[in-house]
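Protein sequence lines correspond, in order, to chains A and D.
Going letter by letter, the first sequence gives residues 64 to 222 in this note's numbering.
Going letter by letter, the second sequence gives residues 64 to 222 in this note's numbering.
Structure first, commentary second.
2 protein chains.
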Amino acid sequence: MDITYSPIGIIHTPFQQPKGMPVQPSGAFDIQGRVEIYPQYAEGLKDLEEFSHIILLYHLHKAGEYSLSVIPFLDNEPRGVFATRAPKRPNPIGLSVVRLLGIDNNVLHIENVDILNNTPLLDVKPYVPEFDHQAEIRTGWLEKVKGKVKNKRSNGRFQ
Amino acid sequence: MDITYSPIGIIHTPFQQPKGMPVQPSGAFDIQGRVEIYPQYAEGLKDLEEFSHIILLYHLHKAGEYSLSVIPFLDNEPRGVFATRAPKRPNPIGLSVVRLLGIDNNVLHIENVDILNNTPLLDVKPYVPEFDHQAEIRTGWLEKVKGKVKNKRSNGRFQ
Chain A
64 MDITYSPIGI IHTPFQQPKG MPVQPSGAFD IQGRVEIYPQ YAEGLKDLEE FSHIILLYHL
124 HKAGEYSLSV IPFLDNEPRG VFATRAPKRP NPIGLSVVRL LGIDNNVLHI ENVDILNNTP
184 LLDVKPYVPE FDHQAEIRTG WLEKVKGKVK NKRSNGRFQ
Chain D
64 MDITYSPIGI IHTPFQQPKG MPVQPSGAFD IQGRVEIYPQ YAEGLKDLEE FSHIILLYHL
124 HKAGEYSLSV IPFLDNEPRG VFATRAPKRP NPIGLSVVRL LGIDNNVLHI ENVDILNNTP
184 LLDVKPYVPE FDHQAEIRTG WLEKVKGKVK NKRSNGRFQ
């Protein structure tokens, strides 16, 4: 069964190529970008400006062929792709929680952006900690290395 | 531009119809389900069991036609669909953070499930608070009503 989506907009950021990008929003502090929502969907943005953070779901358009075993940016061992946030996934959907600075008509101004320029946007959702945040967390192989994400940049491994 | 995905698995839950479902994982405490990953993708599950929580992205297969203005379950006023978590979205992708109880071969046992039975799965990602959780949050119209989510059940509004 195939599932077909159409982008609702496009994400503009300073990152012109995958190499050298931050690998998560927490490594993209202060980086700003713009999300251009196509005009036919702009009505759906009503009430969004009151949220400080939003979830962007987007198509990782430069991910290339998927791989079930990947070496993540933060590690040197091969990991199952579903235990990583690497882009080479069977369905290359990216997820970032970003700060919403403001909305001008159909343009969202955002901050903490770890997304490649011209990425097709699939969905926007409000970020609600009561829905999305969990306590008592274990994070497996990332436990020891996740602190490195603030300074880590991608090395083109997933191009 | 169309983007085509294929499900990587299917989500089994006790919820046979949209009406009466919890509207978020925090309203589905203790509800258990199973995610069956199709065998050709099972290799990608390596290392996932060490994570206590996972993000499921799935196709809201019963959402029907989208609407840019919706009345959310938690409110009585029309809101822009992108300022809600309602299913009738232009690209009906659902997102839930659920507890991972364990993995048997290609089957994930999960808890806190607010998902309809037989929902097609698009992606699994590890939940990492350092990536996904933000501080200093404003949640707009949800600020006053989000506490109701623990007891709220859907009323079939989005069927």
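For each residue, glycine too, the CB sits at the ideal point set by N, CA and C.
These figures come from a predicted structure and were not determined experimentally.
Nearest Cα to Gln79(D) within the set Tyr101(D), Lys125(D) and Gln87(D): Lys125(D). For Glu174(A), the enclosing beta strand (DSSP E) has its first and last residue at Val170 to Glu174. Residues of the same chain with a CB within less than 6 Å of the CB of Met84(A), apart from the 5 flanking positions on each side, are Phe78 and Ser217 in chain order. Scanning chain D for C-beta atoms nearer than 8 Å to the C-beta of Leu111(A) yields Gly143, Phe145, Ala146 and Gly203, reported in chain order. Taking Pro153(D) as reference, the option from Glu106(A), Gln95(A), Lys209(A) and Gly203(A) with the minimal CA-CA separation is Glu106(A). Ile156(A) has a beta carbon lying within less than 7 Å of a beta carbon in chain D.
Burial state of Gln87(A) is buried, judged by a 10 Å Cβ sphere holding 16 or more other Cβ atoms.
Arg97(D) is outside the set of residues whose beta carbon lies under 7 Å from a beta carbon in chain A. The alpha carbon of Gly90(A) has as its nearest neighbour, out of Gly165(A), Val160(A), Leu164(A) and His196(A), the alpha carbon of Val160(A).
Under the criterion of beta carbons closer than 8 Å, Leu184(A) and Ile73(A) qualify as touching, at roughly 6 Å.
Look at Ile94(A): its C-beta is not under 7 Å from any C-beta on chain D. Beyond the five residues adjoining it in sequence on each side, Glu112(A) comes within less than 8 Å, by CB distance, of Leu163, Gly165 and Ile166 in the same chain, given in chain order.
The CB of Pro81(D) never comes closer than 9 Å to any CB in chain A; the least such distance is about 18 Å. Residue burial annotation: Gly127(A) is exposed, with fewer than 16 other C-beta atoms found within 10 angstroms of its C-beta.
Under the Cβ criterion (8 Å, minimum of three pairs), the segment 132-147 of chain A does not count as touching the segment 190-202 of chain A. Chain-order list of chain A residues neighbouring His172(D): empty, with the shortest C-beta distance near 15 Å, by a criterion of under 7 Å. Phe92(D) and Asp177(D) have their C-alpha atoms spaced approximately 9 Å apart. If you check each beta-carbon in the segment 179-199 of chain D against every beta-carbon of chain A, the ones closer than 8 Å belong to Pro183, Leu185, Asp186, Val187, Lys188, Pro189, Tyr190, Val191, Pro192, Glu193, Phe194, Asp195, His196, Gln197 and Glu199. Below 8 Å, too few C-beta pairs join the segment 186-196 of chain A and the segment 127-139 of chain A to call them touching: fewer than three. Per DSSP, reduced to three states, the secondary structure at Gly90(A) is helical.
With a contact defined as Cβ atoms closer than 8 Å, Leu137(D) and Leu205(D) qualify at about 7 Å. Within the model, the alpha-carbon separation for Ile156(A) versus Asp110(A) is close to 25 Å. Among the bridge pairs identified by DSSP, Pro189(D) is matched with Ile117(D). By the rule that beta-carbons nearer than 7 Å mark a contact, Gly107(D) touches chain A.
Val98(A) places its beta carbon 7 Å or farther from that of Leu158(A). Listed along chain A, no residue sits closer than 8 Å to Thr76(D) by beta-carbon distance, the nearest being about 17 Å off. By a beta-carbon distance limit of 8 Å, Thr67(D) does not contact Thr182(A). Their separation comes to about 17 Å.
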